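Structure first, then comments.
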Amino acid sequence: MPKQPRWKRVPMTADTEDGGGPIIRITLGRKGDAMAVVEHLEWHEPDGHELTGYAAAVVDLARPAPEVLARFPNGASIALASDDLWNPAWGELHSETK
């Protein structure tokens, strides 16, 4: 039996710079389906020097939530716009407070 991903619920206001890991934000799409974006940190060196580089949050394009979740076989942090957007078939969603 394959290992189930570990999904950790975080508030929609969570910031990637707080925890460092990617945050998958799931919202309602225009067609009523669950859409997701991944916010993650990316290293930037605008002048080509490592010492003056910085990490900044980057957000990927919105994709169907099941497609995005499949890219994270070990799980990730999940921010839901609404509780009813989470499909139990995607696995168990653990609260950040546990």
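In this note's numbering, the protein residues as written are 90 to 187. Cβ coordinates follow ideal geometry from the N, Cα and C atoms, glycine included. As the structure is a computational prediction, the values presented were derived from the model and not from experiment.
In angstroms with no decimal places, state the Cα-to-Cα distance between residue i and residue j.
i	j	result
T105	P135	21 Å
P94	E139	34 Å
A146	A178	29 Å
P111	H129	4 Å
N176	Y143	36 Å
T116	P155	12 Å
T141	E131	14 Å
S184	R152	24 Å
L158	S171	17 Å
P100	H133	27 Å
What residue does the beta strand (DSSP E) around residue i start on, and which one ends it?
i	result
T116	I112 to L117
A125	A123 to H133
Taking residue i as part of the alpha helix (DSSP H), name the residues at either end of that continuous run.
i	result
G108	T105 to G108
Quick one: is residue i buried, meaning 16 or more other Cβ sit within 10 Å of its Cβ, or exposed?
i	result
S166	buried
V148	exposed
L169	buried
R160	exposed
G164	buried
Starting from residue i, follow its DSSP beta bridges and name the residues at the other end.
i	result
L169	I115
P97	According to the sequence provided, residue 97 is Lys. The question's Pro does not apply to it. K97 is bridged to S166 and H183.
Length at least 3, wholly inside the stretch 135–161: the beta strand (DSSP E) runs in chain order = Runs of the beta strand (DSSP E) inside the stretch 135–161: 143–148.
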